[in-house]
Amino acid sequence: MNALYPIYMKTKMKYLIIFILTIIFHYNSVAQQDSLKSFIQSYVTKNGFDGTILVQQDSAIIYHESFGIADRRFDFPINNETIYNIASITKAFTAVLILQLVEQGKLELNKPFKTYLPEYPDKVSLKVTLHQLLNHNSGVVLIDTVSSVDKAMKYGLGIFQTPYTSDQILKSFWDKPLANKPGTKFTYNNADYIILGKIIEKIYRKTYEEVLYEKILRPLDMHNSGVMHEKDIIKNLASTYFKDKNSAIFINSLPMFIENWYAAGAMYCSPSDLLKFSNALYGLKLISKRSLDSMLTPGLDNYGYGVWVKGLGDERRMERYGQIMGINAVWMKFLNKKTTIIILSNTNVANLGELALNIEMNVPK
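Residue numbers (the numbering used here): 35 to 399.
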């Protein structure tokens with residue numbers, strides 16, 4: 035027998051095993067992909083979901099599909115280029131802009147915000163820090179008077195249904211006393227991020243919108259993103275609709291001036307653009323690791339800076355929601371699994387947080 039024959043057979047067997055394992059891995063991967071698609075399609079069929087679902091695992095997009103109607107007047111369908119209002123996901127962008135200023139040495143998180151916004155009345159601004167504004171435990175009085183769709187239908191949307199400048203919005207609440215001692219209670223409050231937006235403007239001597247474009251949108255080629263104004267006509271922007279709990283029929287969202295939410299919730303974005311932001315943020319292209327760690331440090335109610343951080347181990351995740359009437363959005367990042375899920379919708383029908391968690395369970399492992 036040739037002395038090389040055993041070596042030849044061993045090598046042949048090695049490659050055969052590799053080949054078989056590759057086939058098994060490929061089969062399992064395809065089966066898991068089919069499971070993800072099957073789950074989403076079943077959900078869409080059962081619940082009548084309108085919107086776009088984008089799933090990234092590591093650096094690969096493994097799912098990107100759109101469903102439903104963007105404009106019900108003309109029966110115009112949603113597609114993967116459809117743009118959506120993202121409401122309070124704006125807060126994550128604002129938090130990043132603040133952290134960039136901290137890195138530049140122009141802001142200190144533990145200083146009273148009076149330091150940077152001297153015109154704000156002392157009784158609040160001397161007691162509240164930037165950290166507390168970012169964490170939603172500032173104690174600043176609530177500016178949102180409507181807590182549900184039912185109340186919105188009955189009472190309207192308050193200051194968001196009248197055109198105001200950001201300065202007028204700020205002055206509508208700045209002379210009111212603190213609702214509670216700063217740092218003691220989590221209260222989700224758009225006022226916190228409106229104040230942060232004015233601080234950004236003060237430091238840069240530019241509008242919030244200009245700074246957003248200059249520091250985030252333009253560098254990341256986010257061409258389908260920006261700050262919404264009621265008068266704007268934005269190509270491919272989905273109209274928004276909602277159902278109240280007693281109706282099976284969609285109606286138009288109440289008329290509102292989305293720009294009044296300002297640095298707390300006035301942005302629009304495509305799913306692909308939001309993924310660019312997510313990848314840049316976690317790729318440390320916008321802020322340092324130290325800043326990102328501070329952003330993801332949960333405080334009261336598991337809230338960090340502009341985002342929630344929940345779960346432990348493999349389930350540790352960043353969550354950010356945006357909801358105003360028919361605007362419905364979620365951006366979820368599983369920090370240890372490196373899975374990103376973005377779901378943007380133009381109706382209030384779906385529980386997007388629950389949907390995102392179920393999608394993650396069906397992502398190929």
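Don't be surprised by glycine CBs; every beta carbon is placed ideally from N, CA and C.
Predicted, not measured: the structure shown is a model, and the values here were computed from it.
Opening and closing residue of the alpha helix (DSSP H) in which residue i lies
{"i": "TYR118", "result": "No alpha helix (DSSP H) contains TYR118, which is instead part of the beta strand (DSSP E) from 118–121."}
{"i": "ARG324", "result": "323–329"}
{"i": "SER401", "result": "An answer regarding residue 401 cannot be provided, because it is not within the stretch 35 to 399 covered by the chain."}
{"i": "LYS232", "result": "224–238"}
{"i": "PRO375", "result": "With the sequence shown as reference, residue 375 is identified as Ile, and Pro is not the correct amino acid for it. No alpha helix (DSSP H) contains ILE375, which is instead part of the beta strand (DSSP E) from 373–379."}
{"i": "LYS205", "result": "200–205"}
{"i": "VAL136", "result": "124–137"}
{"i": "GLU394", "result": "386–395"}
{"i": "GLN195", "result": "Per DSSP, GLN195 belongs to no alpha helix (DSSP H) and is neither H nor E."}
{"i": "HIS257", "result": "Counting along the chain, HIS257 falls outside any alpha helix (DSSP H), and DSSP gives it neither H nor E."}
{"i": "VAL245", "result": "242–246"}
{"i": "LEU167", "result": "164–168"}
Spatially closest choice to residue i from the options, by CA coordinates
{"i": "LYS372", "options": "PRO398, ALA384 and GLU388", "result": "PRO398"}
{"i": "ALA282", "options": "ASN382, LYS140 and THR124", "result": "ASN382"}
{"i": "ILE237", "options": "TYR337, VAL136, GLN195 and TYR222", "result": "VAL136"}
{"i": "PRO400", "options": "ARG351, LEU204, LEU334 and ALA272", "result": "Residue 400 lies beyond the residue range present for the chain, which begins at 35 and ends at 399; the question has no answer from this structure."}
{"i": "PHE83", "options": "GLY217, PHE284 and THR331", "result": "PHE284"}
{"i": "ASP335", "options": "VAL175, GLU153, GLY217 and ASP201", "result": "GLY217"}
{"i": "PRO211", "options": "GLU235, LYS157 and LEU246", "result": "LYS157"}
{"i": "SER172", "options": "ARG239, TYR198 and ASN214", "result": "ASN214"}
{"i": "GLN202", "options": "MET352, GLU293, ARG350 and GLN90", "result": "GLU293"}
{"i": "GLN406", "options": "MET329, ASN119 and TYR337", "result": "With the chain represented from 35 up to 399, any question about residue 406 goes unanswered, as that position is not in the structure."}
{"i": "LYS367", "options": "LYS219, ALA390 and TRP208", "result": "ALA390"}
{"i": "THR199", "options": "ASN223, ILE228 and THR179", "result": "ILE228"}
{"i": "GLU235", "options": "ALA225, ASP226 and LEU246", "result": "LEU246"}
{"i": "ASN119", "options": "ALA104, VAL78, GLU353 and PHE108", "result": "ALA104"}
{"i": "TYR296", "options": "ARG106, PRO152 and ILE193", "result": "ILE193"}
{"i": "SER312", "options": "PHE127, ASP109, ILE117 and HIS263", "result": "PHE127"}
{"i": "MET301", "options": "ASN280, THR79 and ILE250", "result": "ILE250"}
{"i": "PHE276", "options": "SER379, THR79, THR86 and THR149", "result": "SER379"}
{"i": "SER287", "options": "ILE361, ILE321, LEU254 and ASP226", "result": "ILE361"}
{"i": "ALA262", "options": "ILE321, LEU151, LEU254 and GLU243", "result": "One detail in the question is off: residue 262 reads as Met in this sequence, not Ala. For the residues ILE321, LEU151, LEU254 and GLU243, the minimum Cα distance to MET262 belongs to GLU243."}
{"i": "THR86", "options": "ASP68, ILE117, PHE110 and THR79", "result": "ILE117"}
{"i": "LEU167", "options": "GLN75, GLY333, ILE74 and ASN270", "result": "GLY333"}
{"i": "MET290", "options": "GLU264, LEU315 and CYS303", "result": "GLU264"}
{"i": "PHE110", "options": "CYS303, ASN270 and ILE321", "result": "ASN270"}
Rounded separation between residue i and residue j - CA only
{"i": "GLN195", "j": "ALA121", "result": "15 Å"}
{"i": "ARG324", "j": "LEU230", "result": "20 Å"}
{"i": "LYS319", "j": "SER93", "result": "15 Å"}
{"i": "THR221", "j": "VAL364", "result": "20 Å"}
{"i": "LEU160", "j": "ALA272", "result": "42 Å"}
{"i": "ILE233", "j": "ILE132", "result": "9 Å"}
{"i": "VAL175", "j": "GLY260", "result": "28 Å"}
{"i": "ILE177", "j": "SER72", "result": "43 Å"}
{"i": "MET187", "j": "ILE393", "result": "32 Å"}
{"i": "TYR339", "j": "GLY345", "result": "17 Å"}
{"i": "ARG239", "j": "GLY347", "result": "42 Å"}
{"i": "ASP184", "j": "MET359", "result": "10 Å"}
{"i": "GLY190", "j": "ASN114", "result": "32 Å"}
{"i": "GLN299", "j": "PHE101", "result": "Note that residue 299 corresponds to Gly in the displayed sequence, not to Gln. The alpha-carbon atoms of GLY299 and PHE101 are separated by roughly 24 Å."}
{"i": "GLU388", "j": "ASP278", "result": "19 Å"}
{"i": "SER206", "j": "PRO305", "result": "34 Å"}
{"i": "VAL64", "j": "ILE96", "result": "Legend: pLDDT at VAL64 = 49, less than 50; position of this residue unreliable, value from coordinates given subsequently. For VAL64 and ILE96, the distance between alpha carbons rounds to 11 Å."}
{"i": "ILE112", "j": "ARG354", "result": "22 Å"}
{"i": "TYR337", "j": "THR331", "result": "8 Å"}
{"i": "ILE268", "j": "LYS148", "result": "37 Å"}
Neighbour-count burial assignment, residue i, 16 or more Cβ in a 10 Å radius
{"i": "GLY139", "result": "exposed"}
{"i": "MET395", "result": "exposed"}
{"i": "HIS170", "result": "buried"}
{"i": "ASN370", "result": "exposed"}
{"i": "ASP327", "result": "exposed"}
{"i": "HIS165", "result": "buried"}
{"i": "ARG252", "result": "exposed"}
{"i": "LYS310", "result": "buried"}
{"i": "LEU386", "result": "buried"}
{"i": "GLN90", "result": "buried"}
{"i": "ALA384", "result": "buried"}
{"i": "PRO146", "result": "buried"}
{"i": "GLU248", "result": "exposed"}
{"i": "ILE376", "result": "buried"}
{"i": "TYR61", "result": "Residue confidence is low: TYR61 scores 44 on pLDDT, short of 50, so the model does not pin down where it sits. No coordinate-derived value is stated."}
{"i": "ARG351", "result": "buried"}
Boundaries (first-last residue) of the beta strand (DSSP E) holding residue i
{"i": "HIS98", "result": "94–101"}
{"i": "LYS367", "result": "361–368"}
{"i": "TYR355", "result": "351–358"}
{"i": "TYR316", "result": "That residue, TYR316, is in no beta strand (DSSP E); its alpha helix (DSSP H) goes 305–316."}
{"i": "GLY85", "result": "85–91"}
{"i": "VAL343", "result": "342–344"}
CB contact below 9 Å: residue i versus chain D
{"i": "GLY333", "result": "Checking the listed chains, one finds no chain D in this structure; it contains a single protein chain."}
Distance cut-off 8 Å: residue i Cβ against heavy atoms of the ligand NAP
{"i": "MET256", "result": "This structure lacks the ligand NAP, and indeed carries no ligand of any kind."}
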